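Asks: Under full-length UniProt numbering, the first residue of the sequence shown carries the number 1, and numbering increases by one thereafter.
Every residue, glycine too, gets a C-beta built ideally from N, C-alpha and C.
Remember, it's a predicted structure, so these values are computed and weren't measured experimentally.
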Amino acid sequence: MTTNHVAVAAGVSIGSLYEYFPGKEALVLALAERHLDAAEASLLAHLGEVLPRALDRPLGEVVRALVSVMVALHAEEPRLHRALFEVAPRLPELAGRVRRLEEASVRMLEGLLRAHPEARVRDAGLSARLVVELVEALTHRWVVGADGAPVAADRMADELAAMVTGYLRGAESAASGAGLAAT
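1) Inspect the CB distances between the stretch 59-70 and the stretch 122-129 and report whether three or more fall short of 8 Å.
2) Please confirm if residue 88 has its CB atom under 8 Å from at least one CB of chain D.
3) Suppose the cutoff is 7 Å on Cβ atoms and the five residues either side in sequence are ignored; what does the same chain contact list for residue 7 look like?
4) Taking only runs of the beta strand (DSSP E) that begin and end inside the stretch 104-160, which ones reach a length of at least 3 residues, in chain order?
5) Cutting at 7 Å between CB atoms, please list the residues of its own chain near residue 169, excluding the five before and the five after it.
6) Please list the segments of the alpha helix (DSSP H) lying wholly inside the stretch 59-91, counting only runs of 4 or more residues, in order along the chain.
7) Expressed to the nearest angstrom, what Euclidean distance is found between the alpha-carbon atoms of residue 106 and residue 100?
8) Is the distance from the Cβ of residue 80 to the Cβ of residue 116 below 8 Å?
9) How many Å lie between residue 86 and residue 123 at the Cα?
10) Take the Cβ of residue 110 as the centre, count every other Cβ of all protein chains shown within 10 Å, and call the residue buried at 16 or more, exposed below.
11) Going by alpha carbons, who is nearest to residue 142 out of 75, 41, 37, 39?
12) Rounded to the nearest angstrom, what separates residue 97 and residue 42 at their Cα positions?
13) Quick check: the Cα distance between residue 138 and residue 160, rounded to an integer number of angstroms?
14) Where does residue 57 fall in DSSP's three states?
15) Cβ of residue 27 within 8 Å of Cβ of residue 2?
16) Have a look at residue 22 and residue 54 and give me their C-alpha separation to the nearest angstrom.
17) Are there any heavy atoms of the ligand MN lying less than 7 Å away from the beta-carbon of residue 16, as far as the coordinates show?
18) Going by CA-CA distance only, name the one from 163, 158, 112 that's closest to residue 51.
19) Consult DSSP for residue 194 and reduce its assignment to one of helix, strand or coil.
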């Protein structure tokens, strides 16, 4: 999509568009920041609902709630998400913001894993990082367009939650049973 297409879609002249956005990257960055602001607000609101009761709920239920939020956030504006996913690596400001949001998610999940009675992981920090990156990568792939038949959001969330919950409940025993060395 060209900047001219954006101006037409927005109902403004190309000159007006360039008055506020000196180039395509500035426009994409503004869209990305708006998208991330909304995603961050939604994520924080959902975490505020889930986390206070997380230790009193089954781990699978907590994981399903958290994964559902991530799937829903990625599914909200799939075309915008695809476009941002393609351009994000070239915009350091955007990449830094995404990394900070991911780091906050890792820290939150690490705290939950350390405290939840059903969590059985050898290294809460590493496990939290792996889970955040796994869910992020698979939801991106799902939105960007994986090969094969499309998968409904609820089914995607169910399968991801089952995968993550299984790992978090038994990473320690699975690793020792498979002959893997603990780190």
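Replies: Quick look at the numbers:
1) no
2) Among the chains of the structure shown, chain D does not appear; only one protein chain is present.
3) Here residue 7 refers to the residue found at position 7 of the sequence shown. Within the same chain, residue 7 has close Cβ partners 13, 14, 17.
4) The qualifying runs do not exist here; there are none.
5) Position 169 of the sequence shown, counting from 1, holds the residue named residue 169. Cβ neighbours of residue 169 beyond the five flanking positions: 59, 118, 120.
6) Fully enclosed alpha helix (DSSP H) runs of 4 or longer: 59-75, 78-87.
7) Walking along the sequence shown from the start, residue 106 turns up at place 106. Walking along the sequence shown from the start, residue 100 turns up at place 100. Going by the C-alpha atoms only, they are around 10 Å apart.
8) On the sequence shown, position 80 is the one that residue 80 refers to. On the sequence shown, position 116 is the one that residue 116 refers to. No. Outside cutoff.
9) Start at 1 with the first residue of the sequence shown, and residue 86 comes out as number 86. Start at 1 with the first residue of the sequence shown, and residue 123 comes out as number 123. Taking the straight line joining both Cα atoms gives about 33 Å.
10) For the purposes of this step, residue 110 is taken as the residue at position 110 of the sequence shown. Classification for residue 110: buried.
11) The residue you call residue 142 lines up with position 142 of the sequence shown. Nearest option by C-alpha distance: 75.
12) The residue given as residue 97 occupies position 97 in the sequence shown. The residue given as residue 42 occupies position 42 in the sequence shown. Residue 97 and residue 42: Cα-Cα distance of roughly 16 Å.
13) On the sequence shown, position 138 is the one that residue 138 refers to. On the sequence shown, position 160 is the one that residue 160 refers to. Spanning the two alpha carbons is a distance of roughly 8 Å.
14) By one-based count along the sequence shown, residue 57 stands at place 57. The answer is coil: DSSP assigns residue 57 none of H, G, I, E or B.
15) Working through the sequence shown from its first residue, we reach residue 27 at position 27. Working through the sequence shown from its first residue, we reach residue 2 at position 2. Cβ atoms of residue 27 and residue 2: not closer than 8 Å.
16) Reading the sequence shown from its first residue, position 22 is the one you call residue 22. Reading the sequence shown from its first residue, position 54 is the one you call residue 54. So the two alpha carbons sit approximately 46 Å from each other.
17) In the structure on display, the ligand MN does not appear, and there are no ligands present to speak of.
18) Along the sequence shown, read from residue 1 onward, the residue named residue 51 stands at position 51. Of 163, 158, 112, the residue nearest in Cα terms is 112.
19) The requested residue 194 is not part of the displayed model; the chain covers only 1 to 183.
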